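S.K.: Here it is, the structure, as structure tokens.
Numbering (the numbering used here), first residue to last: 67 to 628.
In structure tokens:
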């Protein structure tokens, strides 16, 4: 029964994995070539990055980075939100989106709970003093409020359990009752109710900013998310003559995209749930409110608990910097990189070389240093590496690695069977459309599909289709593949669309409609920024208006005649 249960849970992965493994060797590809698709350069790069992520998680280096960034931007609601977004986005550049959201969300929850506690105490003081001759509540900051009361939370939970029709009916009745009650409330109670709505919106913004910034941060590096890795492996395999896609080139064009989307996302969430108040957002020299004091205290206390930077954290940070520098300097383009030191092995030194070498060091370098007694003698200690294989295995997404292998095998099958050439012939009429419209259609399609399918599965399906499309209409493949790859990560609408969304949704501060309203705006912003980027600053980086020599030259006349 357990075997059947696991088969049911992983049925989507099994379909993609087993189909090429069992069927392709029959008439098309030899078995050894099919098997090699399940372990490529992508897998080595992924393993090296997960070694780094495992060490960062184990020694709490991520928590130190996140708290420090939040402390730098301050505790004003708007800037606190931006601080969480920047810290989560930065972590997501080097870790998986899911890990980044899971790491930062407990800090956000702790801040939210402390804010709720402080506002509840202040509200009780206000209510108790409002009946006396001297209203001490006037001395309190007018922004202090209380979180949603438990009765209303319980009603909301009950409504969520009903069917759609019944749930909407109950919601309508509850809202009408609340409106009737609000009309009969005293001024102090009415003010408290308005503050409840405001701070409920703050918590929603803080939660959504984590889910969205984790996804946005993953866009900036090839290793930031699995879709980027899959694209790089597919592109380098299909077009081996092109060496233009590497860690450095991807970072150069993607970092402006991520920064613009992150800032617009921040503004959108502020406006949607809180209203975009320039006066309060950019105020200077004003005394902190009780809520801001509570937030600052929680963040400072959490940072103090970490203590000084430990030896394992220092080693992890040094290896992280070393890995990043080696990625950037392998083949930067404007000067010979370190890969030129091995001319006899050109093409063998890739980004996975750096990731694998640095990743192995985490299994070798000890987690403790030698300590000396007062006599100067070294004390013995048990050797323990920075990470163990068991810890690495718990963080390694083996299901994604196998899923991507199945996708590569299917792509090889499409090439050998000439299916990709047939698709290219059928897609040739799209060449009559404006290029920007072809790119926009591709982006909208993958953005829609990725809301109901996993990001790796979506990009694995569409890359073998979009590559022949670009070749058929005689367009640089990067012109279509880059925006489609970026848009595959735009799974913002539903909790089930993205693991980061599910993690944030599980904390109970959000409803599905909250995510749909916010996510729809972020999707539009994301597609618009990607379209702007691919038509402007990305063009000179890769000379996109010139059809490259490394891409196959498909004859239009022959294709239209078939």
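Ideal Cβ placement from N, Cα and C applies to all residues, glycine included.
Please read these numbers as outputs of a predicted model, since none were measured by experiment.
Alpha carbon to alpha carbon, how far is residue 341 from residue 464? Give it in angstroms, no decimals.
M.R.: In the chain shown, residue 464 corresponds to position 398, counting from 1. In the chain shown, residue 341 corresponds to position 275, counting from 1. Each residue's alpha carbon lies about 43 angstroms from the other.
S.K.: Whole angstroms is fine: what's the gap from residue 128's alpha carbon to residue 307's?
M.R.: Locating residue 128 in the chain shown gives position 62, counting from the first residue. Locating residue 307 in the chain shown gives position 241, counting from the first residue. Taking the straight line from one Cα to the other gives about 38 angstroms.
S.K.: Report the residue ranges of all alpha helix (DSSP H) runs contained in full by the region 585–617; include only those spanning at least 4 residues, in chain order.
M.R.: The region 585–617 contains these whole alpha helix (DSSP H) runs: 604–608.
S.K.: Checking 8 angstroms against the spacing of the C-beta atoms, do residue 132 and residue 165 come in under that value?
M.R.: Working through the chain shown from its first residue, we reach residue 132 at position 66. Working through the chain shown from its first residue, we reach residue 165 at position 99. In this structure, residue 165 does not lie closer than 8 angstroms to residue 132 by Cβ.
S.K.: Would residue 270 pass as a contact of residue 575 if the rule is Cβ separation under 8 angstroms?
M.R.: As a working note, residue 270 is residue 204 in the chain shown. As a working note, residue 575 is residue 509 in the chain shown. Yes, Cβ-Cβ distance for residue 270 and residue 575 is below 8 angstroms.
S.K.: For residue 500, which of helix, strand or coil comes out of DSSP?
M.R.: Along the chain shown, one-based indexing puts residue 500 at 434. In the structure shown, residue 500 sits in coil (DSSP, three-state: anything other than H, G, I, E or B).
S.K.: Assign residue 374 to one of three DSSP states: helix, strand, or coil.
M.R.: If you number the chain shown from 1, residue 374 lands on position 308. Residue 374: coil per DSSP, three-state reduction.
S.K.: Check the C-beta distance from residue 559 over to residue 582 and give it rounded, since I have them as a contact under 8 angstroms.
M.R.: In the chain shown, the residue the question calls residue 559 occupies position 493. In the chain shown, the residue the question calls residue 582 occupies position 516. About 6 angstroms; that satisfies the 8 angstroms criterion.
S.K.: What does DSSP give as the partner residues of residue 172 in its beta bridges?
M.R.: Against the chain shown, residue 172 aligns to sequence position 106. Answer is none; residue 172 lacks a bridge partner.
S.K.: Considering only C-alpha positions, which residue in the set 459, 111, 514 and 275 is nearest to residue 174?
M.R.: By 1-based counting over the chain shown, the position of residue 174 is 108. Residue 275 is the option with its Cα nearest to residue 174.
S.K.: On the DSSP letters alone, give me the boundaries of the alpha helix (DSSP H) that residue 552 sits inside.
M.R.: Residue 552 sits at position 486 when you count from the first residue of the chain shown. Residue 552 -> alpha helix (DSSP H) spans 543–554.
S.K.: For residue 577, collect the residues of the same chain with a Cβ closer than 7 angstroms to its Cβ; drop the 5 residues on either side in sequence, then sort them by chain order.
M.R.: Numbered from 1 along the chain shown, position 511 holds the residue referred to as residue 577. Excluding residues within five positions, none has a Cβ falling inside 7 angstroms.
S.K.: List the residues that DSSP assigns as beta-bridge partners of residue 451.
M.R.: As a working mapping, residue 451 is identified with position 385 in the chain shown. Answer is 432, bridged to residue 451.
S.K.: Excluding the 5 residues flanking residue 208 on each side, which residues of the same chain have their C-beta closer than 7 angstroms to its C-beta?
M.R.: On the chain shown, residue 208 is found 142 positions in, with the first residue counted as 1. Summary for residue 208: the model assigns pLDDT 38, below 50, so the residue's position carries little reliability; its value from the coordinates is reported in the next sentence. None.
S.K.: For residue 598 and residue 604, I'd like the C-alpha separation in whole angstroms.
M.R.: Working through the chain shown from its first residue, we reach residue 598 at position 532. Working through the chain shown from its first residue, we reach residue 604 at position 538. C-alpha separation (whole angstroms): 9 angstroms.
S.K.: If you measure between the beta carbons of residue 153 and residue 170, is that distance less than 8 angstroms?
M.R.: Along the chain shown, one-based indexing puts residue 153 at 87. Along the chain shown, one-based indexing puts residue 170 at 104. Their beta carbons are under 8 angstroms apart, which means residue 153 touches residue 170 by this criterion.
S.K.: Any idea what DSSP makes of residue 229, helix, strand or coil?
M.R.: The count along the chain shown starts at 1 and reaches residue 229 at position 163. At residue 229 the pLDDT is 40, less than 50, meaning the model places this residue with poor confidence; the figure from the coordinates comes in the next sentence. The answer is coil: DSSP assigns residue 229 none of H, G, I, E or B.
S.K.: May I ask you to report which of helix, strand or coil DSSP gives residue 308?
M.R.: Counting from one through the chain shown, the residue named residue 308 turns up at place 242. Three-state DSSP puts residue 308 in coil, outside helix and strand.
S.K.: Classify residue 455: buried if its beta carbon has 16 or more other beta carbons within 10 angstroms, exposed otherwise.
M.R.: Taking the first residue of the chain shown as position 1, residue 455 is located at position 389. With fewer than 16 other Cβ atoms within 10 Å, it is exposed.
S.K.: Determine the extent of the alpha helix (DSSP H) in which residue 129 is found, giving its start and end residues.
M.R.: Reading the chain shown from its first residue, position 63 is the one you call residue 129. Residue 129 -> alpha helix (DSSP H) spans 127–139.
S.K.: Return helix, strand or coil for residue 514, following the three-state DSSP convention.
M.R.: Translated into positions along the chain shown, residue 514 becomes position 448. Helix, per DSSP.
S.K.: Return the chain-ordered list of same chain residues with a C-beta closer than 6 angstroms to the C-beta of residue 424, the five sequence neighbours on each side being excluded.
M.R.: Here residue 424 corresponds to residue number 358 of the chain shown, with the count starting at 1. Contacts found: 385 and 389.
S.K.: From residue 618 to residue 538, what distance separates their C-alpha atoms?
M.R.: Walking along the chain shown from the start, residue 618 turns up at place 552. Walking along the chain shown from the start, residue 538 turns up at place 472. Going from the Cα of residue 618 to the Cα of residue 538 covers about 9 angstroms.
S.K.: Kindly indicate the opening and closing residues of the alpha helix (DSSP H) around residue 320.
M.R.: Position 254 of the chain shown, counting from 1, holds the residue named residue 320. Segment 313–339, the alpha helix (DSSP H) holding residue 320.
S.K.: Going by the beta-carbon positions, is the gap between residue 332 and residue 288 smaller than 8 angstroms?
M.R.: To locate residue 332, count along the chain shown from 1; it is residue 266. To locate residue 288, count along the chain shown from 1; it is residue 222. Contact flag unset, no.
S.K.: What did DSSP end up calling residue 561 once you bin it into helix, strand or coil?
M.R.: Taking the chain shown and counting its residues from 1, one reaches residue 561 at position 495. Looking at residue 561 - three-state DSSP - the assignment turns out to be helix.
S.K.: Less than 8 angstroms between the C-beta atoms of residue 338 and residue 111, yes or no?
M.R.: As a first step, residue 338 is located in the chain shown; it is residue number 272 there, counting from the start. As a first step, residue 111 is located in the chain shown; it is residue number 45 there, counting from the start. The answer is no: Cβ separation not under 8 angstroms.
S.K.: Whole angstroms are fine: how far does the CA of residue 360 sit from the CA of residue 204?
M.R.: Against the chain shown, residue 204 aligns to sequence position 138. Against the chain shown, residue 360 aligns to sequence position 294. Residue placement at residue 204 is flagged as unreliable, the pLDDT there being 33, under the threshold of 50; the coordinate-derived value follows with that caveat. One C-alpha to the other measures close to 20 angstroms.
S.K.: Taking 8 angstroms as the threshold (beta carbon to beta carbon), is residue 456 in contact with chain D?
M.R.: The structure shown contains no chain D, having only a single protein chain.
S.K.: CA-CA distance, residue 568 and residue 561?
M.R.: On the chain shown, position 502 is the one that residue 568 refers to. On the chain shown, position 495 is the one that residue 561 refers to. The straight-line gap from Cα to Cα measures roughly 5 angstroms.
S.K.: Under the three-state reduction of DSSP, which class applies to residue 505: helix, strand or coil?
M.R.: Along the chain shown, read from residue 1 onward, the residue named residue 505 stands at position 439. Residue 505: helix per DSSP, three-state reduction.
S.K.: Could you check the C-alpha separation between residue 396 and residue 285 for me, to the nearest Å?
M.R.: Within the chain shown, residue 396 is the residue found at index 330, counting from 1. Within the chain shown, residue 285 is the residue found at index 219, counting from 1. Approximately 20 angstroms, taken between the alpha carbons.
S.K.: Candidates 143, 323 and 492: which alpha carbon is nearest residue 336's?
M.R.: For the purposes of this step, residue 336 is identified with residue 270 of the chain shown, where counting begins at 1. Among 143, 323 and 492, the Cα nearest to that of residue 336 is on 143.
S.K.: From the DSSP output, in three-state form, read off residue 203 for me.
M.R.: Residue mapping note: residue 203 aligns to position 137 of the chain shown, counting from 1. Since pLDDT at residue 203 reaches only 37, below the 50 mark, its modelled position is unreliable, and no value is offered.
S.K.: I'd like the list of long-range same chain contacts for residue 467, defined as Cβ closer than 7 angstroms, with 5 residues on each side in sequence excluded.
M.R.: If you number the chain shown from 1, residue 467 lands on position 401. Same-chain partners within the cutoff: 109 and 112.
S.K.: Between the alpha carbons of residue 551 and residue 532, how many angstroms are there, rounded?
M.R.: Looking up residue 551 in the chain shown gives position 485. Looking up residue 532 in the chain shown gives position 466. When rounded, the distance between both Cα atoms is 10 angstroms.
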